[in-house]
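> Handing you this structure, nothing more for now.
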Amino acid sequence: NAGVTQTPKFQVLKTGQSMTLQCAQDMNHNSMYWYRQDPGMGLRLIYYSASEGTTDKGEVPNGYNVSRLNKREFSLRLESAAPSQTSVYFCASRAGGRTDTQYFGPGTRLTVL
Amino acid sequence: LAKTTQPISMDSYEGQEVNITCSHNNIATNDYITWYQQFPSQGPRFIIQGYKTKVTNEVASLFIPADRKSSTLSLPRVSLSDTAVYYCLVGPIYTGRRALTFGSGTRLQVQP
Numbered sequence: 002n003a004g005v006t007q008t009p010k011f012q013v014l015k016t017g018q019s020m021t022l023q024c025a026q027d028m029n030h031n032s033m034y035w036y037r038q039d040p041g042m043g044l045r046l047i048y049y050s051a052s053e054g055t056t057d058k059g060e061v062p063n064g065y066n067v068s069r070l071n072k073r074e075f076s077l078r079l080e081s082a083a084p085s086q087t088s089v090y091f092c093a094s095r096a097g098g099r100t101d102t103q104y105f106g107p108g109t110r111l112t113v114l
Numbered sequence: 016l017a018k019t020t021q022p023i024s025m026d027s028y029e030g031q032e033v034n035i036t037c038s039h040n041n042i043a044t045n046d047y048i049t050w051y052q053q054f055p056s057q058g059p060r061f062i063i064q065g066y067k068t069k070v071t072n073e074v075a076s077l078f079i080p081a082d083r084k085s086s087t088l089s090l091p092r093v094s095l096s097d098t099a100v101y102y103c104l105v106g107p108i109y110t111g112r113r114a115l116t117f118g119s120g121t122r123l124q125v126q127p
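In order, the protein sequence lines correspond to chains A and B.
Our numbering applies: residue 2 is where the first sequence begins, and numbers increase by one.
Our numbering applies: residue 16 is where the second sequence begins, and numbers increase by one.
Structure (structure tokens):
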């Protein structure tokens, strides 16, 4: 049981390049989330998916797109990277029910030059 | 979602009890209080969650007064490995479409 996995761990892009961050969970959770965390700051929600087939914007969605490929996988795409998107990106999944626990992946450290 | 206020940073020594208080004056009837811990270069990790009174698990205790306008996370006998950022979150938990809102958290530094 790996929990939440993310690839890649590190990535350097040039301004204007595109890339997709991958996230997968093996806990059969319905809800999945993408957050970004800038240095010294808390997490900000980019997009989330309450269930397979649905996605919704979070606090900072501009410049990003997401795909909920199936129940396990939730990807985040940067179509044209900008230096302001330099951050650490965390994917999470939510258990639901009587607890509100979100399980986080190890993060992807992205630098846009 | 209810806005939360917590100290930016706290210092402690090994073996002491640490209490981190979070204010949430506009907490709603359906809201729960949840605390997460984040170590450097890692994703946040769930610590504890409660609705009222006191909740205790193997890691921490959570004290919630009757008016629920604040809550206190209590870490007994901290060690160096408890150095981390602690986040207080408030919101309903049964709505599948809701996501958590993380503030800036409290940075706890434990000294030897």
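Ideal Cβ placement from N, Cα and C applies to all residues, glycine included.
#1: Looking at the structure shown, is D57 of chain A part of a helix, part of a strand, or coil, going by DSSP?
#2: Indicate whether at least one CB of chain A lies closer than 7 Å to the CB of F61 of chain B.
#3: I want to see whether chain A comes within less than 7 Å of S119 of chain B, judged by CB atoms only; does it?
#4: Quick one: which chain B residues come within Cβ less than 9 Å of P107 of chain A?
#5: Which class does L95 of chain B belong to by DSSP, given the choice of helix, strand or coil?
#6: Give, in chain order, every unbroken run of the beta strand (DSSP E) that is at least 3 residues long and sits entirely within the region 19 to 86 of chain B.
#7: Between the alpha carbons of K15 of chain A and T112 of chain A, how many angstroms are there, rounded?
#8: Determine the DSSP secondary structure at Q86 of chain A, reduced to helix, strand or coil.
#9: Can you name the start and end residues of the beta strand (DSSP E) that Q18 of chain A belongs to?
#10: Could you tell me whether the Cβ of F11 of chain A comes closer than 7 Å to any Cβ of chain B?
#11: Exposed or buried, what is F11 of chain A when buried is set at 16 or more other beta-carbons lying within 10 Å of its beta-carbon?
#12: Would you say T1 of chain A lies against chain B (beta-carbon separation less than 7 Å)?
#13: Would you mind giving the Cβ-Cβ distance between R122 of chain B and V105 of chain B, rounded to the nearest angstrom? I have them listed as a contact below 8 Å.
#14: Let me confirm a value: S50 of chain A is counted as buried when at least 16 other C-beta atoms fall within 10 Å, else exposed. Which label applies?
#15: In three-state DSSP terms, what is S81 of chain A?
#16: Cutting at 7 Å between CB atoms, please list the residues of its own chain near F54 of chain B, excluding the five before and the five after it.
#17: From P9 of chain A to I47 of chain A, what does the alpha carbon distance come to, in whole angstroms?
#18: So with CB distances below 7 Å, who are the chain B contacts of G43 of chain A?
#19: Can you list, in chain order, the residues of its chain with a C-beta nearer than 6 Å to that of K84 of chain B? Leave out the 5 residues immediately preceding and following it.
Taking the structure as given:
#1: Assignment of D57 of chain A by DSSP, reduced to helix, strand and coil, places it in the strand class.
#2: yes
#3: yes
#4: S56, Q57 and G58
#5: helix
#6: 24 to 28, 33 to 38, 47 to 53, 60 to 65, 68 to 71 and 76 to 79
#7: 8 Å
#8: Reduced to three states, the DSSP call for Q86 of chain A is helix.
#9: No beta strand (DSSP E) contains Q18 of chain A, which DSSP labels as neither H nor E.
#10: no
#11: exposed
#12: What the structure shows of chain A is the stretch from 2 to 114, and residue 1 of chain A is not part of that stretch, so it cannot be assessed.
#13: With 8 Å as the limit, R122 of chain B and V105 of chain B do not qualify as a contact, their Cβ atoms being about 20 Å apart.
#14: Classification of S50 of chain A: buried, given that the 10 Å Cβ count is 16 or more.
#15: coil
#16: These residues qualify, in order along the chain: A99.
#17: 18 Å
#18: Y102, F117, G118, S119 and G120
#19: N40
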